[in-house]
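Read in order, the letters of the sequence shown correspond to residues 2 to 358 in our numbering. For each residue, glycine too, the CB sits at the ideal point set by N, CA and C. In what follows, a structure is listed as structure tokens, so that the remarks can point back to it.
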Amino acid sequence: MANVSGNVTSTPAAVAPQVDPWLGLRVGIGTAACIVFILGFFGNLTILVTIIKNKRKGMNTLMYYLICNLAVYDILVMIISLPMTIVQDLAFYWVFGPVLCRITLGLPFLFAAGSITTMVAIAIDRYFVVLQAANPNPKQGKKGLVTLIIFIIAFSFALPSIIYTQYDTSVPGYPQCGIEFSTDPNQQMESLRIYTIAIFVILFITPLLIVVCIYSLILYEIHRRNNKANLHYNRAYGKANRKTIKMMLLVSVTFIMCWIPLFICFFIIAYGAVTNQTRITFFFIYAVSHLVSYCNSAANPLIYAGFTSRFRKSLWYVFSLQIVKEISEHRCGLQSRETKVMRLSVSKRQKSEHRQL
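Pasting the structure below:
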């Protein structure tokens, strides 16, 4: 998520000369970020392609459409949020200039809000499909409307961070990009505390409580109905739905576990608990917490694979490098065919010349 610090990153020049002893840790975090990027980007891209390719094989329901939506947000996190945030955290200053500062600082909030709102939408969809026997595959227009509503809600959450983004050049050579509600330090810290609490409650606690409550209710109802009915079809149907609910519940719990460390850092910043003595240590804890939050986007495809065989086969196909092997074999086959065609052409030309002689 974007940098919400008030005074934590305001004096990087004072700490920059002390960074050298931490070079190993910086390299370690950078390497881990590369691994998370590879898993998250290619994993979610694989999920996206798998759903699109299997639309006519049962993956055309609203739930899979929303999983696609979640995968898109996760891909955007990997290609935009992760690189910029980790570079800023490890460099101790904003290296991308004023234009990108104002354009991109609100995007991590947008992607995070989009992800959690999509999870809520999936939970609501499961409630109506499983318990109310609603149509799991509404018309394409309705699916598009759902994703549009999700984006509007996410954008409204990100709007404050977009409006109050400031590019600070008060320390020469170490510009900062962050949210600034007021030029008065006391008012800034007070506003930052209110904003952090609001984001935590509205964007984190409330949606996840809704998700957990809905899934718990669905699982309870499935269990109750299975105890009442002895029909094989009902039991099989309940088992399939229970498996899907557990998958999405695990996605939600993983989101909580990955984002809690970063929110703790936000509260530490908002309440001014970082001192000059702990400043450098906190910078790296902050960077690691950011990275852990991005691990959520890398974990989602693995969770899908754990519960769905098609996703599992697709991910294995990509990460076992089978796709590279097949592309290589395909190219070799093309080259071999081209060689045969050339040889055949040369042979025909030689025969033609021989006849003319």
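Based on Cα-Cα distance, which residue from the options lies nearest to residue i?
i, options, result
"His291", "Trp23, Gln189, Ile30, Leu24", "Ile30"
"Ser310", "Met60, Ala34, Ile39, Gly41", "Met60"
"Ile104", "Val131, Leu160, Ile53, Phe256", "Leu160"
"Ile36", "Ser116, Ile87, Thr62", "Ile87"
"Arg226", "Arg194, Leu132, Asp185, Leu149", "Leu132"
"Asp169", "Arg280, Val147, Trp95", "Trp95"
"Tyr255", "Gly142, Val293, Arg243", "Sequence inspection shows Thr at residue 255; the Tyr mentioned does not correspond to that position. Among Gly142, Val293, Arg243, the Cα nearest to that of Thr255 is on Val293."
"Trp23", "Leu303, Ala306, Ile286", "Ile286"
"Lys372", "Tyr305, Thr279, Leu210", "Residue 372 lies beyond the residue range present for the chain, which begins at 2 and ends at 358; the question has no answer from this structure."
"Phe268", "Tyr128, Tyr196, Ser162", "Tyr196"
"Val172", "Ala288, Met85, Phe93", "Phe93"
"Ala34", "Phe129, Ala299, Asp185", "Ala299"
"Gly145", "Thr62, Ile81, Tyr128", "Thr62"
"Met85", "Cys259, Phe129, Ser116, Phe38", "Phe38"
"Ile246", "Leu106, Ile281, Lys140, Phe129", "Phe129"
"Asn187", "Trp317, Leu303, Gly273, Arg280", "Gly273"
"Ser162", "Thr148, Leu106, Gly142, Lys140", "Leu106"
Report yes if the CB atom of residue i is closer than 7 Å to the CB atom of residue j, and no otherwise.
i, j, result
"Asn70", "Thr119", "yes"
"Ser183", "Val212", "no"
"Leu67", "Ala114", "no"
"Leu77", "Tyr295", "no"
"Asn45", "Asp75", "yes"
"Ala72", "Ile48", "yes"
"Asp126", "Met190", "no"
"Phe320", "Thr51", "no"
"Ile215", "Ala124", "yes"
"Val275", "Phe284", "no"
"Phe42", "Met79", "yes"
"Met248", "Phe308", "yes"
Evaluate residue i with the Cβ neighbour count: other Cβ atoms within 10 Å of its Cβ, from every protein chain shown; 16 or more gives buried, anything less gives exposed.
i, result
"Gln89", "buried"
"Asn277", "exposed"
"Val28", "exposed"
"Leu91", "buried"
"Leu40", "buried"
"Asn301", "buried"
"Asn297", "buried"
"Ala271", "buried"
"Leu250", "buried"
"Pro208", "buried"
"Thr166", "buried"
"Ser192", "buried"
"Tyr234", "Any reading at Tyr234 must be qualified, since the residue scores a pLDDT of 46, below 50, and its modelled position is unreliable; the value itself is stated next. Flag for Tyr234 reads exposed."
"Arg57", "exposed"
"Ile150", "exposed"
"Ile164", "exposed"
"Leu210", "exposed"
"Val9", "Reliability fails at Val9, whose pLDDT of 47 lies under 50, so the model's placement of it is uncertain and no value is given."
"Trp260", "buried"
For residue i, report the span of its beta strand (DSSP E) as first-last.
i, result
"Thr166", "166 to 169"
"Gln177", "177 to 180"
How is the alpha helix (DSSP H) around residue i delimited, first residue to last?
i, result
"Ile36", "24 to 54"
"Asn277", "Unbroken run through Asn277: none, as it is neither H nor E."
"Pro109", "108 to 127"
"Thr359", "An answer regarding residue 359 cannot be provided, because it is not within the stretch 2 to 358 covered by the chain."
"Pro186", "186 to 200"
"Arg311", "310 to 320"
"Pro173", "Note, Pro173: premise wrong, no alpha helix (DSSP H); not H, not E."
"Leu71", "63 to 77"
"Ile87", "83 to 92"
Looking at chain D, is there any beta carbon in it that lies within less than 7 Å of the beta carbon of residue i?
i, result
"Thr32", "Among the chains in the structure shown there is no chain D, since it carries only a single protein chain."
Evaluate the contact criterion for the segment 97 to 104 versus the segment 161 to 178: three or more CB pairs, one atom per stretch, below 8 Å.
yes
With a cut-off of 8 Å, do at least 3 Cβ pairs link the segment 161 to 176 to the segment 206 to 223?
no
I want to know whether the segment 103 to 110 touches the segment 146 to 166 - three or more CB-CB distances under 8 Å.
yes
Is the segment 251 to 270 touching the segment 199 to 208 in the sense that three or more CB pairs, one from each, lie closer than 8 Å?
yes
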